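Structure record follows, encoded as structure tokens.
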Amino acid sequence: MSNKRKWVIQFEGRQLTEPVQVEVVDKVVLGRKDANRGGVVDVDLGPHGAAKKGVSRQHATIATSDGDLEISDMKTSNGTRLNNKRLEPGRGYPLKDEDYITLGALEFKLKFIEKPKTDTRDTEEIVKTQTDRLPAQQQTVLIVEDHMEVAQLFSMILQKHDYVTHISRDANRAMRFLQGTRPDAVILDLMLPGMSGIEVCRYIRRDSSLDQTAIVFVSANKNPGTERAAYDSGADAFIAKPVNAKELSETVKDCIRRRLAGEDVTRQLQDKDITKALGKDDVQAMQPSVRDDTLAVVVAGFTDRPFTMLVDKPVTLGRGSYANPSTHTDLSRFNAKEKGVSRIHAKIKHENNKFYVQDMDSMNGTFIEGKQIPPYEPREITSGSEVRMGQLSMTVYFMSEREDT
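Be aware that the sequence shown starts at 53, since it is given in the numbering used here, and climbs by one per residue.
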């Protein structure tokens, strides 16, 4: 039975003297052994220069969680990064094949060598929590909640009222799901890995094809400012945790009814969708006619300051304001100089309904999902791609409506 639950993973990269292969059945601790100080370590990175690179004796854990693997920082002084995004200590973050992990200053790539035989789902897909053969009249609810126990509780409550439920544990997966599916309602947690529920709500409200999707926030953080921010971002309702099952089901039902009835919710929120979501200095006005040419960009470390980028013609990215503002995006406000971003670092263009990133022979390079791209060679990106310029990492999302193929 244990073999069916075993993962085999491998760490590799130029900073490691040789690849390190690890078996994960439940949980392994990454760090470095110290004969004088003790401490339990399953994966000893000491032989790879871990001490000089700021790796703690017990630095991070990799554990199984609901058929996936997750990494957690163990409250270290030098931190843990996943694809150049610093992790919140003690919180699990899902791993995928070819992710880049950085412990202190020691970076390596994760490779999946063997997955559990019982795991038949792609770990990058949204978890579907019910059978595929369902009556067409059943309404669909997407639950965006990083605590699986809470998400499963919401799912059970709603399934008892004949809703089809899907679960996403982070904003990235939720956005991917929404590109191919139009749920009747979305239940949002306020705090999510990588991006807040507020920003996910704004993302949904910018998409005209989701006008009839109701949005219900469920959060333990119930204060007037937080609740107001949720409504300003486009929410239909706000429920405080702990959740009353009857209140949850009735709220979802009422919000869906009001959206389908075309009550004044959409009209009241249209102005806020554009003006409230982003700072006025960061926004290019988004109109339905240019949606296919528009990207939403979230910079790591600045998730409260996303911006939209109109790519009706090639747009360069870098720092400094001397370039034409209509074709150049100045990233200085995101500490671009300190992170090694060149004045004209990269270019993004939109051709044949696809987006491409091109490095402009920058000093510190341009990377897509951790892989450096050659200068002047355009490379296609997908919605949710991580693009890194030097050490400035950002995630790009398509604002266009794409049909399933």
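Quick reminder that beta carbons are idealized off the backbone N, C-alpha and C, glycines included.
What you are looking at is a predicted structure, and each value in this text was computed from that prediction instead of being measured.
**OP:** Indicate whether the contact test is met: 3 or more Cβ pairs, each with one atom in the segment 210-219 and one in the segment 413-433, closer than 8 Å.
**Re:** no
Original post:
How many angstroms separate the CA atom of K389 from the CA atom of L444?
Top reply: 9 Å
**OP:** Note down, in chain order, each residue of its chain lying with its Cβ closer than 7 Å to the Cβ of R84, except the 5 sequence neighbours on either side.
**Re:** V93, D96, L97, G98, A102, A103, V107 and R109
Subject >> Beta-bridge partners of V74, as assigned by DSSP >> reply: I61
Subject >> Validate contact between the segment 417-424 and the segment 356-365 using beta carbons, cut 8 Å, 3 pairs >> reply: no
Original post:
When DSSP labels each residue in this structure, what does L139 get in the three-state scheme?
Top reply: coil
Subject >> Cβ neighbour criterion (16 or more within 10 Å) applied to I165 >> reply: exposed
Original post:
According to DSSP, is H100 helix, strand or coil?
Top reply: helix
Original post:
What residue range is occupied by the uninterrupted beta strand (DSSP E) comprising I425?
Top reply: Neither: I425 is in no beta strand (DSSP E) and is coded neither H nor E.
Original post:
Is the segment 144-163 touching the segment 56-75 in the sense that three or more CB pairs, one from each, lie closer than 8 Å?
Top reply: yes
Original post:
When DSSP labels each residue in this structure, what does L369 get in the three-state scheme?
Top reply: strand
**OP:** Below 8 Å CB to CB, which residues in the same chain sit around L121 once its five sequence neighbours on both sides are set aside?
**Re:** W59, I61, V76, I114, A115, P146, L147 and T175
Original post:
Given a threshold of 16 other Cβ atoms within 10 Å of its Cβ, counted over all protein chains shown, does D86 qualify as buried or as exposed?
Top reply: exposed
Original post:
When the Cα atoms are used, what is the spatial distance from H402 to P427?
Top reply: 18 Å
**OP:** For D288, collect the residues of the same chain with a Cβ closer than 8 Å to its Cβ; drop the 5 residues on either side in sequence, then sort them by chain order.
**Re:** A266, I267, V268, C307, R310, R311 and V317
Original post:
Does the Cβ of P235 have 16 or more other Cβ atoms within 10 Å, making it buried, or fewer, making it exposed?
Top reply: buried
**OP:** In the DSSP assignment, find the beta strand (DSSP E) that holds K161 and state where it starts and stops.
**Re:** L158 to E166
Original post:
Buried or exposed: which applies to K332, given that a residue is buried once 16 or more other Cβ atoms fall within 10 Å of its Cβ?
Top reply: Confidence at K332 is low in this model, with a pLDDT of 31, below 50, so the placement of that residue is unreliable and no value is reported for it.
Original post:
Measuring CB to CB, does L155 end up less than 8 Å from V196?
Top reply: no
Subject >> Close-in-space but distant-in-sequence residues of the same chain around R133 (CB under 6 Å, 5 per side omitted) >> reply: T154
**OP:** Under the assumption that N273 contacts L230 (Cβ atoms under 8 Å), give the Cβ distance between them as a whole number of angstroms.
**Re:** Contact flag wrong, Cβ pair sits at about 24 Å.
Subject >> Counted within 10 angstroms of its Cβ, other Cβ atoms place T233 as buried (16 or more) or exposed >> reply: exposed
Original post:
Going by other Cβ atoms of all chains shown within 10 Å of its Cβ, with 16 needed for buried, is H199 buried or exposed?
Top reply: exposed
Original post:
Where do the N-terminal and C-terminal ends of the alpha helix (DSSP H) with V92 fall, by residue?
Top reply: No alpha helix (DSSP H) holds V92; DSSP gives it neither H nor E.
Original post:
Would you report the Cα separation of D263 and D78, rounded to the nearest angstrom?
Top reply: 43 Å
Original post:
Can you tell which of M247, I425 and M441 has the C-alpha that lies nearest to the C-alpha of S384?
Top reply: M441
Subject >> Option in T278, D413 and T381 with minimal Cα separation from V367 >> reply: T381
Original post:
Buried or exposed: N136, going by 16 or more other Cβ atoms within 10 Å of its Cβ?
Top reply: buried
**OP:** Check M446 in the structure and name its three-state DSSP category.
**Re:** strand
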